[in-house]
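What follows is a short report on a single structure.
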Amino acid sequence: MDKVLPGNILIVGGGGREHALAWKLAQSPAVKSIYCAPGNGGTALMPQVKNLPLAVGNFEGIAAAALEHKIDLVIVGPDNPLADGIVDFLQERGLTVFGPTRTQAKLEWSKTYAKEQMAELGLPTARFYSSRSLEDALAFVRDPNYAWARVIKADGLALGKGVFVCDSVAECEEALTSIFGGSFGDAGDMVVIEEKLVGEELSLLCVSDGKTLLELGCAQDHKRRFAADQGPNTGGMGAYSPVPLYEDAADSTNAVRDNAVRERIRMEVLEPIGKALADGRLSFKGVLFIGIMVAGGVPYILEFNARLGDPETQTILPRLRSDLLPVLAACTDGTLAGIKLDWSPLKSVCVSVVAKEYPAKSSNGEIIELDEPVGQFDAADIVAAGALIFHAGTKLASDGKLTTAGGRVFSAVGLAPTMEAARELAHRAIDGIHFDCKDFRCDIGWRALEQCASK
Ligand code: AMP
Ligand code: GLY
62 MDKVLPGNIL IVGGGGREHA LAWKLAQSPA VKSIYCAPGN GGTALMPQVK NLPLAVGNFE
122 GIAAAALEHK IDLVIVGPDN PLADGIVDFL QERGLTVFGP TRTQAKLEWS KTYAKEQMAE
182 LGLPTARFYS SRSLEDALAF VRDPNYAWAR VIKADGLALG KGVFVCDSVA ECEEALTSIF
242 GGSFGDAGDM VVIEEKLVGE ELSLLCVSDG KTLLELGCAQ DHKRRFAADQ GPNTGGMGAY
302 SPVPLYEDAA DSTNAVRDNA VRERIRMEVL EPIGKALADG RLSFKGVLFI GIMVAGGVPY
362 ILEFNARLGD PETQTILPRL RSDLLPVLAA CTDGTLAGIK LDWSPLKSVC VSVVAKEYPA
422 KSSNGEIIEL DEPVGQFDAA DIVAAGALIF HAGTKLASDG KLTTAGGRVF SAVGLAPTME
482 AARELAHRAI DGIHFDCKDF RCDIGWRALE QCASK
């Protein structure tokens, strides 16, 4: 007999990632209702979705709403509530939750712990040193024996801002002084000092039911604010998938073929993690997002995140043909083994539409006009080339007015047989979005396009 899938879903979060999740789950035949806490303007516009005005840190409110609406599955998007133990809190109240417990999420909320786990499981990663004292850390970066140590990271969650990739001892000293000086609050009680690697990055999203690891897609994020990877780090200015470095897809049929980098990642990263889950050396349920740097063809794990990436999710999910709901449900009941995913051969490019002053400042209350009504998509979108617009920092007022409410305001996703055409479709979709301080990077996917051009 077929398994009964969860029908009433609650998504915790309110960014582009959560809108993409709501969009994908709304296509699942088993889904009866979707709630978002707090959601955004895009989820408010979806007929199948109801926003609940609850902040992601309001665990009591979220638990009460989940019980009231007879929620069968809670899905947690952002990192902070996971680190604060939302999964433990909701499970203690009898709810079924997709996501890691606070202890499991430590892979994301403590970089020292993550590095120790990597060392214990024999996973490839940059050399590192961890310290709780400014004096000790300064002595380390000044020691010529450790001239490799040029990346300074606050140990805890710092909204992606606590990492300094330095060129000199002086820059390391400045970073350490800033972190220990309290720039990142508690996240900076400890630092990780790391070897600086040079290469190309991949975001590999996987899911686990505690025993098995299943790959949920690979994307490349663009963290720097401005074109040609210039300017400050951001939450993510855009992403694309598939990534040619990981999946060769250069033939005329667009069939994805494995390559040597993928093979190494499979052997050196995914298989050891899968084994550690299977034999109990690693305890983890939910999304394991593995940030990888490929340097000279060799993969190194940069970081683990315990949740879906943003904007990786917006670029990956539109390529996923399979129903996502059975995958998430299987992660909660330990039945992930044997699940296979079906992918569209289309290329996907996601461009973050941001406020001009992002990341320094976000935008609030500015009126947004859209040429086309967005927020109502159906499954047809993923088989045909086209564009999708996911909302991120937007708010829908009761009078129907849509306004900005954040730094990253939309994710525009183009889907097409080539990366170039996909980006063009994303740009055309952005032409239909109007607000005064609108800005975006026009070169998302440049590495993939260069690689295609050089083939
Ligand atoms: P993380 O939050 O640890 O992924 O670091 C944020 C960003 O800093 C990464 O996406 C990389 O671009 C960069 N980074 C982190 N670790 C290193 C490293 N060991 N070498 C070079 N760049 C790094
Ligand atoms: N885009 C990177 C992240 O979600 O952490």
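Residue numbers (this note's numbering): 62 to 516. Think of the CB as a built atom: it goes at the ideal place given N, C-alpha and C, for glycine as much as any other residue.
Shortest alpha-carbon distance to residue 285 belongs to which of 278, 276, 300? Position 224 of the sequence shown, counted from the start, is the residue given in the question as residue 285. Comparing Cα positions, the closest option is 300.
Go ahead and pull the three-state DSSP assignment for residue 152. In the sequence shown, residue 152 corresponds to position 91, counting from 1. Residue 152: helix per DSSP, three-state reduction.
When every heavy atom of the ligand GLY is checked, does at least one fall within less than 8 Å of the C-beta of residue 373? The sequence position of residue 373 within the sequence shown is 312, counting from 1. Yes, Cβ of residue 373 sits closer than 8 Å to a heavy atom of the ligand GLY.
Is the segment 111-121 touching the segment 138-155 in the sense that three or more CB pairs, one from each, lie closer than 8 Å? yes
Residue from 66, 113, 67, 84 with nearest C-alpha to residue 451: On the sequence shown, position 390 is the one that residue 451 refers to. Selected option, being the one with the closest Cα: 84.
Does the segment 257-266 come within contact of the segment 364-376, defined as at least 3 CB pairs closer than 8 Å? yes
Quick check: the segment 247-263 against the segment 333-347, are at least 3 beta-carbon pairs closer than 8 Å? no
Coil, strand or helix - residue 91 by DSSP: Residue mapping note: residue 91 aligns to position 30 of the sequence shown, counting from 1. Reduced to three states, the DSSP call for residue 91 is coil.
Whole angstroms is fine: what's the gap from residue 524's alpha carbon to residue 487's? Here the chain covers residues 62 to 516 and nothing more, so residue 524 does not appear.
On the CB-based measure, 16 or more other CB atoms within 10 Å of its CB, does residue 428 come out buried or exposed? As a position in the sequence shown, residue 428 is number 367, starting the count at 1. With fewer than 16 Cβ atoms within 10 Å of its Cβ, residue 428 is classed as exposed.
State the DSSP-derived secondary structure class of residue 495, mapped to helix, strand or coil. Counting from one through the sequence shown, the residue named residue 495 turns up at place 434. In the structure shown, residue 495 sits in a strand (DSSP, three-state: E or B).
Cβ contact (3+ pairs, closer than 8 Å) linking the segment 453-472 and the segment 74-90: yes
Measure the Cβ-Cβ separation of residue 136 and residue 389 and say whether it is below 9 Å. Position 75 of the sequence shown, counted from the first residue, corresponds to residue 136. Position 328 of the sequence shown, counted from the first residue, corresponds to residue 389. Contact: yes.
For residue 184 and residue 289, the rounded distance between their alpha carbons: Start at 1 with the first residue of the sequence shown, and residue 289 comes out as number 228. Start at 1 with the first residue of the sequence shown, and residue 184 comes out as number 123. Distance between the alpha carbons of residue 289 and residue 184: 31 Å.
Using the rule of at least 16 other Cβ atoms within 10 Å of the residue's Cβ for burial, across every protein chain shown, is residue 202 buried or exposed? Locating residue 202 in the sequence shown gives position 141, where the first residue counts as 1. The residue in question, residue 202, is buried, as its Cβ has 16 or more Cβ neighbours within 10 Å.
Quick one: residues in its chain with C-beta nearer than 7 Å to the C-beta of residue 253, no 5 flanking neighbours on either side, listed in chain order? In the sequence shown, counting from the first residue as 1, residue 253 sits at position 192. Around residue 253: 172, 173, 176, 189, 191, 214, 216.
Okay, do the segment 161-168 and the segment 327-336 touch, 3+ Cβ pairs below 8 Å being the bar? no
Take residue 113 and list the residues in its own chain whose beta-carbon comes closer than 6 Å to its own, dropping the five residues that flank it on each side. As a working note, residue 113 is residue 52 in the sequence shown. 96, 98, 126, listed in sequence order.
Looking at chain B, is there any beta carbon in it that lies within less than 9 Å of the beta carbon of residue 332? Chain labels in this structure do not include chain B; a single protein chain is all it has.
Strand pairing of residue 111, partner residues [DSSP]: Here residue 111 is taken as the residue at index 50 of the sequence shown, counted from 1. DSSP output for residue 111 lists 96 as bridge partner(s).
Do the segment 398-413 and the segment 471-484 touch if we need at least three Cβ pairs shorter than 8 Å? yes
Simplified DSSP state of residue 353, which is helix, strand or coil: Locating residue 353 in the sequence shown gives position 292, counting from the first residue. Here residue 353 sits in strand by DSSP.
Between the Cα of residue 472 and the Cα atoms of 68, 86, 101, 94, which residue gives the shortest distance? Working through the sequence shown from its first residue, we reach residue 472 at position 411. Checked all of 68, 86, 101, 94; the closest Cα to residue 472 is 101.
N- and C-terminal bounds of the alpha helix (DSSP H) containing residue 120: Working through the sequence shown from its first residue, we reach residue 120 at position 59. Its alpha helix (DSSP H) spans residues 120-129.
So, using beta-carbon positions, are residue 282 and residue 297 closer together than 9 Å? By 1-based counting over the sequence shown, the position of residue 282 is 221. By 1-based counting over the sequence shown, the position of residue 297 is 236. Their beta carbons are under 9 Å apart, which means residue 282 touches residue 297 by this criterion.
Best match in 236, 229, 498, 398 for proximity to residue 275 [C-alpha to C-alpha]: Walking along the sequence shown from the start, residue 275 turns up at place 214. Cα-wise, what sits closest to residue 275 is 398.
Separation of residue 93 from residue 463, as counted between CA atoms: On the sequence shown, residue 463 is found 402 positions in, with the first residue counted as 1. On the sequence shown, residue 93 is found 32 positions in, with the first residue counted as 1. Approximately 26 Å between the Cα atoms of the pair.
Reduced DSSP secondary structure (H/G/I, E/B, other) of residue 331: Walking along the sequence shown from the start, residue 331 turns up at place 270. Of the three classes helix, strand and coil, the one that applies to residue 331 here is helix, per DSSP.
In angstroms with no decimal places, state the Cα-to-Cα distance between residue 485 and residue 154. One-based indexing of the sequence shown puts residue 485 at position 424. One-based indexing of the sequence shown puts residue 154 at position 93. Their Cα atoms are separated by approximately 47 Å.
Give me the Cα-Cα distance between residue 311 and residue 503, rounded to the nearest whole angstrom. Taking the sequence shown and counting its residues from 1, one reaches residue 311 at position 250. Taking the sequence shown and counting its residues from 1, one reaches residue 503 at position 442. Because residue 311 sits at a pLDDT of 49, beneath the cut-off of 50, its placement in the model cannot be relied upon, and the following sentence gives the value as read from the coordinates. Rounded to whole angstroms, residue 311 to residue 503 spans 23 Å at the Cα level.
Can the beta-carbon of residue 257 be found less than 9 Å from the beta-carbon of residue 210? Position 196 of the sequence shown, counted from the first residue, corresponds to residue 257. Position 149 of the sequence shown, counted from the first residue, corresponds to residue 210. Yes. Within cutoff.
Suppose the cutoff is 7 Å on Cβ atoms and the five residues either side in sequence are ignored; what does the same chain contact list for residue 69 look like? By 1-based counting over the sequence shown, the position of residue 69 is 8. Counting only Cβ-Cβ distances below 7 Å, and skipping sequence neighbours, we find 93, 94, 130, 131, 132, 133.
Do residue 420 and residue 238 have their CB atoms nearer than 9 Å? Mapped onto the sequence shown, residue 420 falls at position 359. Mapped onto the sequence shown, residue 238 falls at position 177. No, Cβ-Cβ distance for residue 420 and residue 238 is not below 9 Å.
Length at least 3, wholly inside the segment 226-299: the beta strand (DSSP E) runs in chain order: 252-256, 261-270, 274-282, 285-287, 291-294
Between the C-alpha atoms of residue 440 and residue 230, what's the straight-line distance to the nearest angstrom? Taking the sequence shown and counting its residues from 1, one reaches residue 440 at position 379. Taking the sequence shown and counting its residues from 1, one reaches residue 230 at position 169. Any reading at residue 440 is ruled out, since the residue's pLDDT is 43, under 50, leaving its predicted position unreliable.
Helix, strand or coil at residue 211 [DSSP, three-state]: Residue 211 sits at position 150 when you count from the first residue of the sequence shown. Reduced to three states, the DSSP call for residue 211 is strand.
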